[in-house]
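Line order of the protein sequences matches chains Y and P. Those letters in the first sequence? Residues 95 to 871, by the working numbering. Those letters in the second sequence? Residues 5 to 105, by the working numbering. C-beta: ideal position from N, C-alpha, C; glycine also. For reference, the structure discussed in these notes is given below.
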Amino acid sequence: KRFRSDGGHVSLEEELETYLYRVGELNDKNRIGGYSVESNIEATANFVLDQISQKQKEIIDILLECARLPEKLTIYSTLLGLLNSKNPDFVEEAMDSLATSLRNYLNQAQFSAVHILIRFISDLINVKVLSPKSVLNIYEKMVDLTHEQSSPQVRTDFYVYCILSSIPWNGRILYEQHGPELDEILDNIKSYIENRTKDHLPLLKVWSIDDPHPQEDYLDCLWIQIKKLEENDWKESQIIRPYVSFEASFKNSTLHDFPLIIPPEYNPQTLYPLPRVVFRMFDYTDVPEEFILPGCHSIERFLVEEQLHSVVNTYYLDRKQCANRLIQLPLTNRIPLNYMIVEVIFAQLFSLPRPAHLEIFYGSLLLELCKLQPNYMPIVLAQATELLFERIENMKTVCVERFSNWFSYHLSNFQFKWSWDDWKDCANESLEAPKNKFLRETLIRCMRLSYHQRIVDFIPESINSLVPENPKPAYKYVSDEAADLEGTPVANRLLELFKERAIPEDVFSALRDIPDSDAGGGEVEINPLKIEVFTATLLFFGSKSFSHAFAALAKYHMIFKMIVDSEKSQLIVLQSLHDVWKNHRQMIVVLVDKMLKTQIVECSTIAKWVFSEQMRNDFTFFYVWEIMHSSINRMNKQVEKLRLEYQNLNEKYKKSDLASESVQDEITEEELEDKLTTLNTLKEQQKKLFFIIIENFFAVLSDYLIKVEIKIENVEQGETFKSPNWFKWVSDRFEDFLLTHNEEILPYLNEIKTQFFTSNTNKYFTNLFKMYSSFKE
Amino acid sequence: TRSEQERLLSQSNTLYVGNLSFYTTEEQIHELFSRAGDVKRIIMGLDRNKKTPCGFCFVEYYTRADAENCMRYINGTRLDDRLIRTDWDAGFIEGRQYGRG
């Protein structure tokens, strides 16, 4: 086994790496030792002990990496325990390196690494490597922060979470040997937990009601789980502890004191993990009888979930390995692992404001899991889908959207096979009803991944009415009404010119047949009809594919530059685009984005257009919000890019000031100021965009709320007004907008309040902003 | 040279996409691939003689990171019922869209 299959010799370092990374994995063919995890760990320990004299530094480096593999934590602590029993000096060195690395992660604000390493050192008590007191000292320093006035809650939350989520590993031994100290820490945490603000909680919830599963704040839930563990004398039944077999070997081990770790001072720049809610979708009644799903407040539920989350977050770059590790999670009890995997993946997918990883990662991970367990996983997923669909009325809009995006993608990998007929009831519901909307939006997405006829073919007659329109262009200048339209002659001429590949100048002359008007003072006002005819005809000409449309836009870009000179004319471009492509929403999304990139239209105009009269009927369609978010993101990216450029320039400027002899790339003060001016101008535009959006949300939502009030007082009758479902779709979009862009918007909070709040602002808004303000405190 | 080719590949934002159905459209490809990141352009592979799609395309992203996500999460999944394959490409050059029919 010292030789590779290709005949090359394996170096000692490579061998060490292989054995150390794969220790405890019984399916590994290069395994040393016998057929149990214990004998494999022992053999690995002996191999390592032989190499310490020549490869100490390399071994420590590898071990530090391994210590961050969360699902194998107790395997590595066992290994370290064995090494310590034979070579305590080596382990002393390793602990010093571990402390250095932990301090680095703390200073770099790499919180998930910190969290995992704290848990690792917590477990090292069990193998007689570390003294319990030295670990308690670290906990105490962390708990002390809860008394600090200046610490924001996200900061103290993180440290409290580190302690609480590590205690299941060492609670028993702390309780036996240091009961009073443990109690004191827990008492402190108790009063901290009781006094935390949780106004932000409703913003983070996936469901609007707590039935059937309450959605608790993550620390509240963990605290209850820890209390239950305490009541159970700190005995849990989920962690696999290979070290139990080696207790005799640890008897005479040297205990080390882990160096004291003190959390770094509070720095306002640091981004702490945001608060979370615990997402649950299954309970014991949902899973087959032969398995026991641990209850929502049992520590075992936490332990399994926590490990599944860690595996996902550790292996997300490789979906195949990630799927393999998930289904091979070492377990002590017969728990319904597939259900818990699915629950954890959906928890991440629905996490607010945004998922930790790309949505498509979760989709392809679920595909991989279906491939690995074709007889189980698809069944669990189908059950999960039904459950989510049943509860869709109470689901937050942005989660409904993610659900729909995932489901369409998943189905496109399974030939769109689904028991569609089961959902026929919702075909008769109103267009704004959640199930009806979900299904229609999902079919639109399915069509985007396939084609119209395909949807027609797989949809049963019972829900025929939900099939999306055929996504063909609607060009009025060739329709029946064309003869009566003022623009038809010019439109026909343009179409001929486009087909002849005419140069822009000739097209521009043809447009002169539509006269502009005199705006007074020698100014000319461009005729809106001119913009409309040109845009519609050009898009119709390029309607064959995205490439055709892009080519047409590029070729005649200068005409846009000449006739689209104001916000009003930009709005006409967008309206004409919508007229032509109203049945092909993906085309609208892509073309609006293209026009934004090529500076035919601006972000702020797109925002106004979304709230305009023309979009009233489309307003709750998901594609509209796809457009809105992508324009905001584009603006944010630009600001961020410029901010970095300015920062770099500023640093260079400071340096060139210090070392004046390097003249070649010296930055002048003027250059620096220019950059700052550009940055500030762009930031003003970004702010303007946010304020336009907020103002419009206030307007449409108030409009509804006022009408509801009037209706209650029975003053006005007979007016059809928007439904509660409409209000839900729209208010959810407002909340999502605020939450998703919280980093950019929160700095303007006070200004927003001054500008939009009056003494009779509806309670809906005051409540919302109360939650929002507490989001990052 | 080979090392030059490797250098280009390691910096590329462009992917070669193979095993597509002849009927798969640019719109479908855009829908799937934009789930991994911001797509800059799609160049459909065409039959040299008939100038019709012939089962491959190039997808270029704005950033390397997005293209990497595409390799991670889209490679080996299905589009139009076919398992599609993505590979790094050194960058599209005019003329390369013409393949064998």
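Can you list the residues of chain P that N507/Y reaches, using a CB-CB cut of under 8 Å?
In chain order: T81 and R82.
Is H307/Y helix, strand or coil by DSSP?
Coil at H307/Y, not helix or strand.
Quick check on K870/Y - is its C-beta less than 7 Å from some C-beta in chain P?
So no, K870/Y is outside the interface.
Taking DSSP as the reference, what is the three-state secondary structure of R448/Y?
It is coil, neither helix nor strand.
Straight-line CA distance for R413/Y to N819/Y?
Straight-line Cα distance between these residues: approximately 38 Å.
What number of angstroms, rounded off, separates the C-alpha of V221/Y from the C-alpha of N282/Y?
Whole-angstrom Cα-Cα distance: 28 Å.
Specify the secondary structure class of T18/P as computed by DSSP and reduced to three states.
Here T18/P sits in strand by DSSP.
By the three-class DSSP mapping on this structure, what secondary structure does S611/Y have?
Here S611/Y sits in strand by DSSP.
Check whether the Cβ atoms of E234/Y and V405/Y lie closer than 7 Å to each other.
No; because the gap between Cβ atoms is not below 7 Å, this pair is not in contact.
Per the contact definition of three or more C-beta pairs closer than 8 Å, is the segment 569 to 583 of chain Y in contact with the segment 520 to 528 of chain Y?
With a cut-off of 8 Å, the segment 569 to 583 of chain Y and the segment 520 to 528 of chain Y do not count as touching, because too few Cβ pairs lie within range.
Do you know offhand how far D715/Y's Cα is from I538/Y's?
The sequence shown places Phe at residue 715/Y, not Asp. Using only the alpha carbons, I get a separation of about 10 Å.
So what does DSSP say about F26/P, is it helix, strand or coil?
Looking at F26/P - three-state DSSP - the assignment turns out to be coil, as it is neither helix nor strand.
Whole angstroms is fine: what's the gap from F396/Y's alpha carbon to P296/Y's?
Between F396/Y and P296/Y, the C-alpha separation is close to 22 Å.
Would you verify that the beta carbon of Y102/P is, or is not, closer than 7 Å to some beta carbon of chain Y?
No, Y102/P lies away from the interface with chain Y (no Cβ there is under 7 Å from its Cβ).
Taking Cβ-Cβ distances below 7 Å as the criterion, which residues of the segment 721 to 749 of chain Y are in contact with chain P?
If the cut-off is 7 Å between Cβ atoms, the segment 721 to 749 of chain Y has nothing near chain P.
What residues of chain B sit near Y77/P, judged by a beta carbon separation below 8 Å?
Among the protein chains in the structure shown, which are Y and P, there is no chain B.
Give the secondary structure of R419/Y by DSSP, where H, G and I count as helix, E and B as strand, and everything else as coil.
Note: R419/Y maps to helix in three-state DSSP.
Taking 8 Å as the cut-off, does the segment 542 to 551 of chain Y touch the segment 513 to 520 of chain Y (at least 3 CB pairs, one atom from each stretch)?
Touching, no, given that fewer than three Cβ pairs across the two stretches are closer than 8 Å.
Give the straight-line distance between the Cα atoms of K624/Y and R534/Y, rounded to the nearest whole angstrom.
Near 36 Å, if we compare the C-alpha coordinates of R534/Y and K624/Y.
Using 7 Å as the threshold, is the C-beta distance between I318/Y and S260/Y below it?
Contact: no.
Quick one: what's got a C-beta closer than 7 Å to V658/Y's C-beta in the same chain, skipping five residues either side?
So the qualifying residues of the chain are I625, Q664, V667 and I694.
Let's test the definition: count the other Cβ atoms within 10 Å of the Cβ of G616/Y and tell me whether it reaches 16, buried, or not, exposed.
Counting Cβ neighbours within 10 Å, G616/Y comes out exposed, since fewer than 16 surround it.
Taking Q363/Y as the reference, which of K149/Y, P598/Y, P308/Y and N201/Y has the closest Cα?
The candidate whose alpha carbon is nearest that of Q363/Y is N201/Y.
State the start and end residues of the unbroken beta strand (DSSP E) segment that holds R89/P.
R89 to D93 is the span of the beta strand (DSSP E), which, as asked, contains R89/P.
Could you have a look at R737/Y and say whether DSSP puts it in helix, strand or coil?
Helix.
How would you label F26/P, buried or exposed, when you count the other beta carbons within 10 angstroms and need 16 or more for buried?
Label assigned to F26/P: exposed.
Sort P57/P, Q32/P and S16/P by Cα distance to S506/Y and report the nearest one.
Ranking P57/P, Q32/P and S16/P by Cα distance to S506/Y puts Q32/P first.
Determine whether the beta carbon atoms of T18/P and D91/P lie at a separation below 7 Å.
Going by C-beta atoms, T18/P is not nearer than 7 Å to D91/P.
Report yes if the CB atom of L736/Y is closer than 7 Å to the CB atom of L776/Y, and no otherwise.
Against a cut-off of 7 Å, the Cβ pair of L776/Y and L736/Y comes out as a contact.
Against V684/Y, what residues of chain P qualify as contacts under a CB-to-CB distance less than 8 Å, listed in chain order?
H34, listed in chain order.
Measuring alpha carbon to alpha carbon, tell me which of L482/Y, Y433/Y and L452/Y ends up nearest C464/Y.
When each option's Cα is compared against that of C464/Y, the closest is Y433/Y.
What are the start and end residues of the beta strand (DSSP E) that includes E617/Y?
E617/Y -> beta strand (DSSP E) spans E617 to E619.
Can you list the alpha helix (DSSP H) stretches of 4 or more residues lying completely in the segment 293 to 344 of chain Y, in chain order?
Listed in chain order, the complete alpha helix (DSSP H) runs (minimum 4 residues) inside the segment 293 to 344 of chain Y are 295 to 298 and 312 to 325.
Output the distance between the C-alpha atoms of S825/Y and Y747/Y, rounded to the nearest integer angstrom.
Spanning the two alpha carbons is a distance of roughly 47 Å.
Rounding to the nearest angstrom, what Cα-Cα distance links P367/Y and F205/Y in this structure?
Taking the straight line joining both Cα atoms gives about 8 Å.
Leaving aside the five residues before and after H672/Y along the sequence, list all residues of the same chain whose C-beta is less than 7 Å from its C-beta, in chain order.
These residues qualify, in order along the chain: I682 and Q708.
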